[in-house]
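Asks: When the count follows the numbering used here, it moves up by one through the sequence shown with no breaks and lands on 341 for the last residue.
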Amino acid sequence: MTYERGTGAGAPGGDGCLVAAVRLPVRVVAFVVVLPLRLLWDALCAVARGIGIALEWIWRNVFAPPLNLLGRGLAALWRYVLAPVGRVLFVVPAVWIWHYLISPVLAAVAVAVVFLVRYLLVWPAVALWRYVLAPVGRAVGWVLRILLVVPLVFLWQWVVMPVARAIGAAVAWAWHAAGYVSRAIGRGVARTFRVLVAIPVAWVWRWTGAPVLRGLRAAGRWVRREILHPVAQAVREARRGVRTALFGAPAPRERASHLPGGGYVAPQDYPPGEAPWSRHQVPPAQNPYAQPQVPNPYAAPPGGNAPAAPAPGPYTTGPYAPGPSKPEPVRNPYARPPQEG
């Protein structure tokens with residue numbers, strides 16, 4: 001039986017029957033063993049990429065700017081302060097001492113040492129190697145080559161390498177196949193999660209959660225507007241009534257805006273049925289810009305009907321029409337009752 005050496009690492013001519021018998025079981029076992037490892041490797045690669053991106057961002061935006069600034073400061077300190085001072089204080093004296101003191105002494109010592117080493121060590125060692133050790137080494141090397149190296153080379157070339165190539169090819173094929181399976185499993189898990197979890201949750205939220213939330217929000221606004229605000233208003237009114245019943249109504253203070261400096265005038269006694277002037281109004285008697293009140297000739301007299309309005313004319317319509325009648329005054333609840341006697 002003859003063996004032909006292949007031309008390359010993957011040449012099929014140098015495999016033989018042993019590799020053909022080992023290839024298929026090794027591929028099956030490698031696929032079964034490598035698939036979980038490939039899944040774990042893909043997961044670790046994804047986590048490592050995320051961690052790497054986060055660490056790179058932290059380094060670029062947190063640590064790199066201050067370290068860069070510190071490095072520039074240290075470089076400037078070394079270049080403009082430490083280097084000139086060190087050159088003047090240490091380098092120049094050290095060069096002078098080396099050139100004029102140490103170098104001549106070392107040269108003399110080196111010449112003496114070289115002479116002694118050459119005649120006491122080198123020449124005897126060369127003679128020993130040339131006439132004793134080299135012949136013995138060549139003999140031992142020939143014996144080891146014949147008895148050990150040639151069998152090991154033959155075993156490595158025709159047994160170990162073909163089997164290793166078959167196992168490597170099987171592991172590589174299993175690794176790539178496991179990658180395809182891993183990506184298919186990932187896509188299936190993502191699609192299953194989208195169909196079974198994401199879409200139902202989105203549908204439930206859109207048609208159940210969001211309307212219920214909007215209804216609760218509208219109900220809360222209605223309760224606040226229709227119940228809480230009226231109850232609070234009733235409580236304020238009751239508290240105001242109780243305070244009025246217990247301590248009496250507070251005396252109103254009217255601001256006289258027409259007075260110089262703006263002050264308050266003392267409250268006055270108003271007749272029943274007439275309201276006091278507000279703080280933003282000025283009584284007609286004190287307002288120099290107030291227009292005189294013109295009586296309405298068409299107002300109904302007390303206890304009778306109003307006279308018929310005249311026919312439309314130039315003085316009954318348009319800008320010359322008389323103004324409306326004065327409305328009845330509003331009773332002031334805070335007015336003081338008239339004092340008797």
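C-beta atoms are modelled at their ideal positions from N, C-alpha and C, and glycine is treated no differently. From a predicted model like this one, the values you see are computed outputs, not experimental measurements.
How about A178 and R38: are their beta carbons less than 8 Å apart?
Replies: For A178 and R38, yes; Cβs fall inside 8 Å.
Asks: With a threshold of 8 Å, are at least 3 pairs of Cβ atoms found where one atom belongs to the segment 43 to 50 and the other to the segment 187 to 194?
Replies: With the cut-off at 8 Å, the segment 43 to 50 and the segment 187 to 194 do not touch.
Asks: Using the three-state DSSP reduction, which class does R279 fall into: helix, strand or coil?
Replies: Any answer about R279 is weak, because its pLDDT of 44 lies below 50 and its placement is not dependable; what the coordinates show is given next. If DSSP states are grouped into helix, strand and coil, R279 belongs with coil.
Asks: When DSSP labels each residue in this structure, what does G248 get in the three-state scheme?
Replies: Three-state result, G248: coil.
Asks: Distance check for Y180 and G352, CA to CA, integer angstroms please.
Replies: There is simply no residue 352 to check, as the chain begins at 1 and stops at 341 in what is shown.
Asks: Over the uninterrupted alpha helix (DSSP H) stretch that includes R214, give me the two end residues.
Replies: R214 -> alpha helix (DSSP H) spans A210 to V223.
Asks: Applying the 10 Å Cβ sphere with the 16-neighbour rule, what's the burial state of V26?
Replies: So V26 counts as buried.
Asks: Ordered along the chain, which non-local residues of its own chain (more than five positions away) have a Cβ less than 8 Å from that of V143?
Replies: Answer for V143: no residue qualifies.
Asks: In whole angstroms, what is the alpha-carbon distance linking L55 and A48?
Replies: So the alpha carbons of these two residues sit roughly 10 Å apart.
Asks: If distances are taken between C-alpha atoms only, which option among V117, A30 and L40 comes closest to G186?
Replies: Selected option, being the one with the closest Cα: L40.
Asks: Does the distance from the CB of A170 to the CB of A30 come in under 8 Å?
Replies: Yes, the Cβ-Cβ distance between A170 and A30 is below 8 Å.
Asks: Is it the case that the Cβ atoms of V33 and W175 are separated by a distance below 8 Å?
Replies: Against a cut-off of 8 Å, the Cβ pair of W175 and V33 comes out as no contact.
Asks: At what residue ranges does the segment 61 to 131 contain a whole run of the alpha helix (DSSP H), taking only runs of 4 or more?
Replies: With a minimum length of 4 residues, the continuous alpha helix (DSSP H) runs that stay inside the segment 61 to 131 are 64 to 77, 83 to 86, 92 to 97, 103 to 117 and 123 to 128.
Asks: Using DSSP with H/G/I as helix, E/B as strand and the rest coil, what is V163?
Replies: DSSP places V163 in helix when its eight states are reduced to three.
Asks: Can you give the Cα-Cα distance for P36 and S182, rounded to whole angstroms?
Replies: Roughly 9 Å separates the two Cα atoms.
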